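In my numbering, the protein residues as written are 1 to 519. All residues carry an ideal CB built from backbone N, CA and C; glycine is no exception. Please read all numbers here as calculations on a predicted model, not as lab measurements.
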């Protein structure tokens, strides 16, 4: 028998040979990796993962944590420590930062302030710039300038916009940053363009309900199809791409009532995205990040899950804005749910002054979901100040009760969204949001705490205590602010500046600002 030392001696030539093979194999691989890193993605011959097709521009971090607000000082560059993109682009030919001559000094200044390393810079003329760069790069540069303009306006921190506007100037604490919002809105009006895909036939595409609980879905699709606002027929000019399908219509035509199979809707969406991505280059270029869909149906979020890139990357405009079900406020948009029974808003807007509202709080609605169950169990027929009904008494008008009440309770049903939020705003009744995981509409612009009340589900027994703790002076201020933000929730035909249609588009514009698309 060989000793352990002998065994080692016998295997040493084999070990030496193996070491040589390993070195011969890994040294070239290491050299290739180093060269790829030096040359960068544009020069590397190694395959680059599709996840690098777009990246966050760091415009804002979250609708509720870092937006335009004064409390968090609005840091647009907190996501990535990089040279401000508003003053530079990547020259894919030379792989260096290239800027226009008149922008070089501001770039150096921002680099010094941020304590970042300076990139190599080549001076080029404006004419050379226009010839050298693609349409997408020029669009991204335009967006960079818009980011810079909005960032500078937001630094003002004023509750009153300093920008002139003959129509409306945002002001007051109901805006997180009035000056930043106004500048962003003006930049949107100047630059925003939407391309609407023409594939697909009505009624499931290019159509939607305009009078029902899902009216915001149909109204938006209708206005985009008319093309009077922001729509471009040239996809190369577009900043975002609209997928004009109606989940409400898909449920109507593809779902068998009483069944549990919703796969037909998901498969239809998967086929549609497959058609779009195969026919046009724009989806694959951004992995869907500059595309958006809009749905007010409860099944909207679920339907998008059949296309992972649509679910994870695209801008999803949803009434069912439930963060516990995948709604991401950084890229998704919360859509107000508005129940238009006749298709018109005539007579729905306005209400008496605070002194002519004798009821403290009001709710009427069916027993949908556990939150409403808790609300009715706690307050139904228990207190005249807190009037809660599952069914209104004969002869009592729902609209009249809204106008008689100081506060309108807006509990979630089976899903987080409720048309009662906008109904309360229309009736100038302070909305009381009772929900879990709900992202209120336009929260990156509007300071909901200034004109509404949020009550945690666990605090339903304390509703009266919470509401009575609000002084009359404070209530009057909230009522005045509510009347001012009302314009942002109104559906106009045709749309008017700062109304619901434009606010939805502004939310999409903000999220497009938050990413950078690369060729």
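What are the start and end residues of each continuous beta strand (DSSP E) run of 3 or more residues lying completely inside the segment 431 to 477, in chain order?
453 to 455
Measure the C-alpha to C-alpha separation of residue 168 and residue 395 and round it to an integer number of angstroms.
41 Å
Check whether the segment 322 to 330 touches the segment 351 to 363, taking contact to mean three or more Cβ pairs, one atom from each stretch, closer than 8 Å.
no
Give the C-beta separation of residue 292 and residue 245 to the nearest angstrom, bearing in mind that I take them to be a contact with Cβ-Cβ under 8 Å.
That belief does not hold up - the Cβ atoms of residue 292 and residue 245 are roughly 11 Å apart, past 8 Å.
Hey, how far is the Cα of residue 273 from the Cα of residue 255?
20 Å
Three-state class that DSSP yields for residue 312 in the structure shown
helix
Can you name, in chain order, every residue of its own chain whose Cβ lies under 8 Å from the Cβ of residue 466, other than the five neighbours on each side?
453, 455, 459
Between residue 475 and residue 249, what straight-line distance do the alpha-carbon atoms span, to the nearest angstrom?
42 Å
Just curious, the alpha helix (DSSP H) that residue 240 is in, first and last residue?
Per DSSP, residue 240 belongs to no alpha helix (DSSP H); it is in the beta strand (DSSP E), 240 to 242.
Below 8 Å CB to CB, which residues in the same chain sit around residue 253 once its five sequence neighbours on both sides are set aside?
203, 204
Among the candidates 346, 282, 300, whose CA atom is the shortest distance from the CA of residue 325?
300
Check the DSSP bridge columns for residue 362 and list the partner residues they point to.
387, 408
Residue 196 to residue 421 span [Cα, whole Å]:
30 Å
Along the beta strand (DSSP E) that carries residue 293, what are the first and last residues, could you check?
291 to 295
Looking only at its chain, what residues have a beta carbon closer than 8 Å to the beta carbon of residue 433, apart from the 5 residues adjacent to it on each side?
410, 421, 440, 448, 452, 453, 454, 455
What residue does the beta strand (DSSP E) around residue 195 start on, and which one ends it?
194 to 196
Could you tell me how far apart the beta carbons of residue 317 and residue 491 are, in whole angstroms, since I believe they sit closer than 8 Å?
Their Cβ separation, rounded to whole angstroms, is 15 Å, which puts residue 317 and residue 491 out of contact at 8 Å.
Secondary structure at residue 160, three-state DSSP: helix, strand or coil?
strand
Looking at residue 414 and residue 368, is the spacing between their C-beta atoms short of 8 Å?
yes
Shortest alpha-carbon distance to residue 375 belongs to which of 388, 221, 383?
388
For residue 275, is the classification buried or exposed, using 16 other Cβ atoms within 10 angstroms of its Cβ as the cut-off for buried?
exposed
Which residue from 334, 403, 418, 405 puts its Cα closest to that of residue 507?
334
Give me the Cα-Cα distance between residue 165 and residue 216, rounded to the nearest whole angstrom.
28 Å
Any idea what DSSP makes of residue 171, helix, strand or coil?
strand
Could you tell me which residues DSSP puts in a beta bridge with residue 322?
438
Unbroken alpha helix (DSSP H) run spanning residue 200, endpoints:
First-last for residue 200: undefined, no H or E at that position.
Collapsed DSSP secondary structure at residue 421 in the structure displayed:
helix
Counting pairs of beta carbons, one from the segment 174 to 184 and one from the segment 147 to 164, are three or more of them closer than 8 Å?
yes
Could you give the distance in angstroms between the alpha-carbon of residue 480 and the alpha-carbon of residue 258?
46 Å
Rounded to whole angstroms, what is the Cα-Cα separation between residue 267 and residue 226?
28 Å
Per DSSP, residue 231 is paired with what?
194
According to DSSP, simplified to helix, strand and coil, what is residue 144?
helix
So the candidates are 151, 297, 200; which of them puts its Cα closest to the Cα of residue 270?
200
Let me know if residue 443 comes out buried or exposed under the rule of 16 or more other beta-carbons within 10 Å of its beta-carbon.
buried
State the DSSP-derived secondary structure class of residue 327, mapped to helix, strand or coil.
coil
Would residue 322 and residue 445 qualify as a contact pair, given that the criterion is a beta-carbon distance under 8 Å?
no
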